[in-house]
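Asks:
In UniProt numbering, the protein residues as written are 1 to 460.
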């Protein structure tokens, strides 16, 4: 009996061992993040998916699917290549007699950056601005970077470009757009055509040769023996008629501190990198300084607006100065014995004084040994403008060539103006260079004669 029980127990154990030996578990996928793993790619990028498999007992079958469509079998890894934008669900399925397991991967392929120019080639006259605005598409991001270039020369870093050249020819402009790991490059050609312009500014926008408001000014042309008296507006009209027939810039005179002239070019003077753009020949006195301002006609209304003026940084910036300086001169009498005019002065800095000089006084004429006031003129006047404190200056005359680089134009805060080019030029007689050892030189020579103005890029 005991023997039968032993054999029965042995037989049951054998059957149990055989049953356990034949049990096959479903494959287990490990080695990846739990849940659905996510990846972000751009066109052309690849990602290799290689999960780990455990419970390899039995005959396993492996399958890869993209959006439920079979793409590969029998492989433990799969390399996905991004060929088009979209969201893709990649499934890895492992199956055997013990069951099936699968792992999902989510791959997001972002939109590619694309640059499309309206035309492969555009034309523009020289010294004229053309705006190039390609259509740029791509992923919605805020880290785009742009770079416009001609060869190794960088032109701009915005999606659009304003281009200008004084030299005719064909230029290949290349735009590079970059965001995250994507970079796209595209080019277009600009043919700059020849155009006929005057090398000097042929338009007189404003002219104030003296500080007197409402006066009739005498003016004459070199070829004439007589002068003509016109009110300011009519004088400017007459001078423009004269300028239109000239082959060179005529001489203009600025007589007093605060006087100025504003001229306009018939083209935009190009701000050429690392080069002077404008040459101005001036005859004056060493005790005088001139200020230069330039303006870009940003709103294209054909005139310089007050907020468009930018000053050219010159050596004047190295001297102490008062930008809104005012000084009032008052006639006090005439010294018959010394034959000198007596006047007092007072400025807006709390300074004042008295001066006696051989010069006359505006509105007064010496008639028969007596000083007579001209009808309509007051006994005092005020000068307003820039005062530059500069010592050790003389009153000797000089002729100087001023070379202006538009790249030296600055804002009222002293920051670079970054002008592409300019349409208008203002020359102001800073005058009244003030020596700290003496009172303002009322009797000094103050006129400044502008001999010529030329666009250096058009000379050749």
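Yeah, the Cβ is synthetic: ideal placement off N, Cα and C, and Gly gets one too.
(1) Would you kindly report the start and end of the unbroken alpha helix (DSSP H) that includes residue 236?
(2) Which residues does DSSP pair with residue 326 in a beta bridge?
(3) Can you check DSSP and say which residues form a bridge with residue 104?
(4) By alpha-carbon positions, which one of 354, 149, 176 and 161 ends up nearest to residue 129?
(5) Measure from the alpha carbon of residue 126 to the alpha carbon of each residue in 204, 296 and 166, then state which is nearest.
(6) If we count the other Cβ atoms within 10 Å of its Cβ and call it buried at 16 or more, is residue 359 buried or exposed?
(7) Pull up the DSSP beta-bridge partners for residue 153, would you.
(8) For residue 341, count the other beta carbons within 10 Å of its own beta carbon; 16 or more makes it buried, fewer makes it exposed. Which is it?
(9) Using C-beta distances below 6 Å, list every residue in its chain close to residue 172, excluding the 5 sequence neighbours before and after it, in chain order.
(10) I need the straight-line Cα distance from residue 377 to residue 312, nearest angstrom please.
(11) In chain order, what residues of the same chain lie with their CB nearer than 6 Å to the CB of residue 153, ignoring the 5 residues before and after it?
(12) Could you give the C-beta distance for residue 254 and residue 448, rounded to a whole number, given that I count them as a contact under 8 Å?
(13) State whether the segment 406-414 contacts the segment 351-365, with contact taken as three or more CB pairs (one from each stretch) at a distance under 8 Å.
(14) Report all residues from its chain with a CB closer than 8 Å to the CB of residue 459; omit the five preceding and five following residues, and keep chain order.
(15) Which residues does DSSP list as the beta-bridge partners of residue 188?
(16) Given a cut-off of 8 Å on the beta-carbon distance, is the pair residue 120 and residue 137 in contact?
(17) What would DSSP say about residue 200, mapped onto helix, strand or coil?
(18) Going by the CB atoms, is the gap between residue 425 and residue 258 shorter than 8 Å?
(19) Within 10 Å of its beta-carbon, does residue 366 have 16 or more other beta-carbons around it, so buried, or fewer, so exposed?
(20) Going by DSSP, what residue range makes up the beta strand (DSSP E) through residue 64?
(21) By the 10 Å Cβ neighbour count, where 16 or more other Cβ atoms means buried, how is residue 145 classified, buried or exposed?
(22) To the nearest angstrom, how far is the alpha carbon of residue 284 from that of residue 170?
(23) Going by DSSP, which residues form a beta bridge with residue 424?
(24) How about residue 264 and residue 320: do their beta carbons lie closer than 8 Å?
(25) Just tell me which of 104, 279 and 156 has its CA closest to the CA of residue 420.
(26) The ligand ADP heavy atoms versus the CB of residue 106: any closer than 7 Å?
(27) Considering only DSSP beta bridges, list what residue 257 is partnered with.
(28) Measuring CB to CB, does residue 207 end up less than 8 Å from residue 427?
(29) Can you say whether residue 248 is buried or exposed, counting buried as having 16 or more other CB atoms within 10 angstroms of its CB?
(30) Taking the alpha-carbon of residue 330 as reference, which of 364, 140, 322 and 51 has the nearest alpha-carbon?
(31) Measuring straight from C-alpha to C-alpha, what distance separates residue 118 and residue 132?
(32) Quick one, are the C-beta atoms of residue 113 and residue 184 less than 8 Å apart?
(33) In this structure, how does DSSP classify residue 429 when only helix, strand and coil are distinguished?
(34) Do the segment 289-306 and the segment 232-243 touch if we need at least three Cβ pairs shorter than 8 Å?
Replies: Per the coordinate set shown:
(1) 232-243
(2) 384
(3) 91
(4) 161
(5) 166
(6) exposed
(7) 150
(8) buried
(9) 187 and 189
(10) 36 Å
(11) none
(12) 4 Å
(13) no
(14) 199
(15) 173
(16) no
(17) coil
(18) no
(19) exposed
(20) 61-66
(21) exposed
(22) 43 Å
(23) 264 and 295
(24) no
(25) 156
(26) Only the bare structure without any ligand can be found here, which leaves the ligand ADP out of the picture.
(27) Residue 257 pairs with nothing; no bridge assigned.
(28) no
(29) exposed
(30) 364
(31) 9 Å
(32) yes
(33) strand
(34) no
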